[in-house]
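> The structure under discussion is supplied below as structure tokens; questions concerning it will follow.
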Amino acid sequence: MEQMNKQQVLQCLPMKECIRLMRTTLQDYAQGKSRQYLRTVTPLPENKLLGFMPASLGDHDYFGAKVITVFPGNHQAGLPSHQGSVLLFDAEHGSLHFMADGDAITQIRTGAVSAVATDLLARPDAQRLALLGAGAQGRSHLEAISLIRQLRDVTVWEACLENACRFADEMSKTVSCPIRVCSTAEEAVKNADIICTLTPSPTPILESGWVKPGAHINAVGACSASARELDSALVARCLLYGDSIESVEKESGDYLIPLSEGAIRKGHLLGTIGQLLCGEIAGRASAADITLFDALGLAIEDVACAKYLYLAGKEEK
């Protein structure tokens, strides 16, 4: 069995290539060529979690799973809150061929998927990006979205101002536009064309009154039925799309909480990014629409990245 550590994954999975790979992966999923299963989450003491996320890329293709731990307090120790590995098996014998760092794959593919959604749903003239969160996903999303839109302004807000300043200093070397640190989320999203919410907050950090008509939102941070980053009024204003209908209806607090409050109805979820790619559903209808991509993260994305890394490594030998 071959393995790749975090640094090797970051070097061997370029963001531009991952965006292309995620387009194909999401389209294949919408067409029934791959299978995605709901994650199994095992609660651990002190609000910690163990997650198991399986997927199959096809009956005669590779299958695998991402196994992760979620320890919210890890940032205080200088460690990521999400850690784990992606395992890749062959469909012929069920043999384990490859294992790669799950944190690095998640970091890259999450930004890449948001870039696919942004390319489909954001206005073509979108140039102002707001990042609510300055961690690994802030870096990933800035890199990914700068590849599909010509950005002229980036704002960033983070609960820890020091982290936001560090992010701006580091990432200003990689993009050709200024990065401005904001003291509040409201300030950061003012006039933003593209907004990415990338925090572990269980309660809303983004309010309807702050978001201008025509904006596109990638809601990425919340990943459970009891947590959300957007208030109900904002979700009600949006054209809502997900990565998986089943995942959104089972796991998304950004969808389930407004639904339980009566702010939206079940039909408010219009479909998936894969269906948009296949032309099965419509996207933005006007320049004033607010579009929302609710990203839960899919195991097929992780397994597809592992397959890419495994085959690319074999070609180099």
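Those letters in the sequence shown? Residues 1 to 317, per this note's numbering, in order.
Backbone N, C-alpha and C fix where the C-beta goes; we use that ideal spot for every residue, glycine too.
Given a threshold of 16 other Cβ atoms within 10 Å of its Cβ, counted over all protein chains shown, does GLU152 qualify as buried or as exposed?
Just to set this straight, residue 152 is Arg in the shown sequence, not Glu. By the 10 Å Cβ count, ARG152 comes out exposed.
> Measuring straight from C-alpha to C-alpha, what distance separates ALA130 and ARG123?
Their Cα atoms are separated by approximately 15 Å.
> Between CYS196 and VAL116, what straight-line distance do the alpha-carbon atoms span, to the nearest angstrom?
13 Å
> Considering only the alpha carbon of each residue, which of MET22, GLU2, LYS16 and VAL9 lies closest to GLU301?
MET22
> I'd like the list of long-range same chain contacts for ARG149, defined as Cβ closer than 6 Å, with 5 residues on each side in sequence excluded.
ALA126
> Once the 5 residues before and after ALA304 are set aside, which same chain residues still bring their CB inside 7 Å of it?
LEU21, THR25 and LEU57
> Spell out the partners DSSP gives VAL319 in its beta bridges.
Any answer about residue 319 is impossible in this case: the structure gives the chain only from 1 up to 317.
> Could you name the residues of the same chain whose beta carbon sits closer than 6 Å to that of VAL175, not counting the 5 residues immediately before and after it, in chain order?
SER146
> With respect to the alpha helix (DSSP H) encompassing TYR255, which residues constitute its N-terminal and C-terminal limits?
253-261
> Excluding sequence positions up to five away, which residues of its chain have a Cβ less than 7 Å from the Cβ of HIS268?
Excluding sequence neighbours, HIS268 sits near LEU240.
> Can you give me the Cβ contacts of THR349 inside the same chain, cut-off strictly under 6 Å, excluding the 5 residues immediately before and after it?
The question about residue 349 has no answer here: the residues shown for the chain are numbered 1 through 317.
> Note down the Cα distance separating GLN137 from GLY221, rounded to an integer number of angstroms.
9 Å
> On the DSSP bridge assignment, give the partners of HIS82 in chain order.
According to DSSP, which records beta bridges pairwise, HIS82 is partnered with VAL70.
> Measure the beta-carbon distance from GLU158 to ALA164 and round it to whole angstroms, keeping in mind my assumption that it falls under 8 Å.
4 Å
> Starting from LYS16 and walking both ways along the alpha helix (DSSP H), at which residues does that stretch end?
15-30
> On the criterion of 16 or more Cβ atoms from any shown chain inside 10 Å, does GLY297 qualify as buried, or is it exposed?
buried
> So, using beta-carbon positions, are MET4 and ASP103 closer together than 8 Å?
No, these two residues do not count as a Cβ contact at 8 Å.
> Return the residue from the list LYS314, LYS307 and GLU315 that minimises the CA-CA distance to ALA91.
LYS307
> In this structure, does DSSP put SER286 in helix, strand or coil?
Note: SER286 maps to coil in three-state DSSP.
> Please report the straight-line C-alpha distance between VAL9 and LEU309, rounded to a whole angstrom.
One C-alpha to the other measures close to 8 Å.
> On a CA-only basis, which of ASN47, ARG139 and ASP59 is nearest HIS93? Give me that one, please.
ASP59
> Quick check on the DSSP output: what are the complete beta strand (DSSP E) runs of length 3 or more inside the stretch 191-264, in order along the chain?
194-197, 216-219 and 238-242
> Could you give the DSSP three-state label for GLY267: helix, strand or coil?
helix
> Which residues mark the beginning and the end of the alpha helix (DSSP H) in which VAL9 is found?
6-12
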